[in-house]
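For the sequence shown, my numbering begins at 146 and goes up steadily by one. See structure below.
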Amino acid sequence: MSAPTRLALIVEDEPAIRRFLRATLAANGYEVLEAATAHAGLSLARSEKPDVLILDLGLPDRDGLDLLRELRAESQLPVLVLSARDTESAKVAALDLGADDYITKPFGAEELMARLRVALRHRLRAEGDAPHYQRDGLVVDVLRRQVSLHGQPLHLSPKEYLLLELLARHAGKVLTHRQLLERLWPEGGEADAQYLRVYVRQLRQKLGDTAEAPRWLLTEAGVGYRLLAPG
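Structure (structure tokens):
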């Protein structure tokens, strides 16, 4: 039995980029819907229920962030943002609003499809609430709240474990500083990005991981952190 065809919705006002995206997606087995405005894109997202949305931010009628904000109020559809905006603030804004990933223009077909696969895997795991994360000897058992490394129990502080669990539940997706701070310190107070960096450093030390050559935990400079997808 062949795998079911996935439906991708492209919301992009530049015809040349839409043609490139259409050809790339079709070559990888996707059916494709297209919209050149935020209004048309939101309408198609609601009526056609695509499997993934590829969203430009610089749309002629509304900012793509407005579309993302409205969509996230009613749907967990995977959203991959494509934009010429390459500032950290633009990336953080999109990720904080619920984008699964962010690619700056120009970009290549292989990068696009790789990011798309990660976004879809992340959404499938979220829907299934996968109890385990496993990669290169690291196992995070969310149900039992246990962590092991190469078969040996790994002892973490409560905050270190919560940080790792959050990243594991969203493996493959960037979690911004703000998203992590709000979950780790819901009471607010004096917690800031410096507190977060301390716990990330401690977690890396216990994992034997490094920021320079990460095996599991990646730093997205100025944005947040990403745990590599299971493999």
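From the three backbone atoms N, C-alpha and C, an ideal C-beta is built for every residue, glycine too.
So what's residue i in DSSP terms, helix, strand or just coil?
i    : result
D208 : strand
H184 : helix
V287 : coil
R217 : helix
R280 : strand
A148 : Below a pLDDT of 50, predicted positions are generally treated as unreliable, and A148, at 41, falls in that range; no measurement from the model is reported.
D241 : helix
P223 : coil
A364 : Rather than Ala, the amino acid found at residue 364 in this sequence is Thr. Three-state result, T364: strand.
Here's a check: name, in chain order, each residue in its chain whose Cβ is nearer than 8 Å to the Cβ of residue i, leaving out the five neighbours to either side.
i    : result
A244 : L200, L213, V224, L225 and V226
R163 : I155, E157, E179 and A181
P205 : D158, A181 and T182
Which residue's Cα is closest to the Cα of residue i: the options?
i    : options                   : result
R371 : Q297, R260, S293 and L299 : R260
K318 : A181, E176 and D246       : D246
A418 : Q350, G209 and N173       : Residue 418 lies beyond the stretch modelled for the chain, which goes from 146 to 376, so this question has no answer here.
D196 : R164, Q297 and A264       : A264
S234 : G353, R346 and R323       : R323
E305 : L341, R289 and H315       : L341
Please classify residue i as buried or exposed, where buried requires at least 16 other C-beta atoms within 10 Å of its C-beta.
i    : result
K250 : exposed
S302 : exposed
V343 : exposed
T321 : buried
From the DSSP output, read off the bridge partner residues of residue i.
i    : result
L320 : Y370
A203 : A small correction: the amino acid at residue 203 is Gly; Ala does not occupy that position in the sequence shown. G203 pairs with D208.
Would you say residue i touches the ligand MN, meaning its beta carbon is less than 7 Å from a heavy atom?
i    : result
A171 : This structure lacks the ligand MN; in fact it carries no ligand of any kind.
Quick one: what's got a C-beta closer than 7 Å to residue i's C-beta in the same chain, skipping five residues either side?
i    : result
R217 : L242 and G243
G376 : R280
Quick check: is the beta carbon of residue i nearer than 8 Å to any beta carbon in chain C?
i    : result
K318 : Absent from the structure is chain C; it holds one protein chain and no more.
Note down, in chain order, each residue of its chain lying with its Cβ closer than 6 Å to the Cβ of residue i, except the 5 sequence neighbours on either side.
i    : result
K236 : Y247 and V368
A239 : V226 and Y247
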